[in-house]
Amino acid sequence: MMKNLGLGTVIGCLSFAVLWVPNASAQEVSKQQLQNCASIGNPLQRLVCFDKLAAGEAPAVADGMNSQQPSTSSAEQEFGREHLADQSEQRPDKIYVEIADSQRNFYGKWELVLTNGQKWEQTDSRTVPLPDDGNYYIERGVLNSFFLGREGDVRRIRVRRIED
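Residues 1082 to 1245 (the numbering used here) are what the sequence shown spells out, left to right.
In structure tokens, the structure reads:
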């Protein structure tokens, strides 16, 4: 019994000592390495740089990381970016329109025809009157949504363009 207790004590002390011995393979991170990682503009590349420092690996030079661009455009890389394709060209966030014809459908939602020939329909369930003498605008919202509003009125309705 005493022999087992002594062996357990020795094993426990050795394992405790091993925990306190500093890791010989770990490098000390210099302030310059941290500044190099912090100067990287791309958030993902900056995170990768800090992760490599924490793992003890030598990160690549910051200038090399910023200059890397995807070399080929594949279907996998373009997946989900369809709505981002037209981001480079300037699109107006708000246009002023004149309503040529407006009527309510069976569900009580507005169906609009503009003077430029575009057709729009209401998608939300708000009840907003659309007088003929109003100055109307269609404004872009988030996630490819659009709103029809009237100047001087805080109310607006969500609309979508109907394909002709």
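Just so you know, even glycine gets a beta-carbon here, dropped at the ideal spot from N, CA and C. Nothing here was measured: the structure is a model prediction, and the numbers come from that model.
Supposed contact pair residue j and residue i - C-beta distance, whole angstroms, cut 8 Å
| i | j | result |
| --- | --- | --- |
| Val1235 | Phe1227 | Contact doesn't hold; Cβ gap of about 17 Å is too wide. |
| Leu1229 | Arg1237 | 6 Å |
| Gln1203 | Lys1190 | 4 Å |
| Ile1176 | Leu1193 | Not confirmed; about 13 Å, so no contact. |
Secondary structure of residue i, DSSP reduced to three states
| i | result |
| --- | --- |
| Lys1200 | strand |
| Gly1137 | coil |
| Thr1208 | coil |
The beta strand (DSSP E) enclosing residue i, as first and last residue numbers
| i | result |
| --- | --- |
| Asp1182 | 1180-1185 |
| Arg1239 | 1237-1242 |
| Leu1229 | 1227-1231 |
Beta-bridge partners of residue i, as assigned by DSSP
| i | result |
| --- | --- |
| Ile1176 | Ile1219 |
| Glu1192 | Gln1184, Glu1202 |
Subject >> 3 or more residues per run - each beta strand (DSSP E) lying fully within the stretch 1107-1134 >> reply: Within the stretch 1107-1134, no complete beta strand (DSSP E) run reaches 3 residues.
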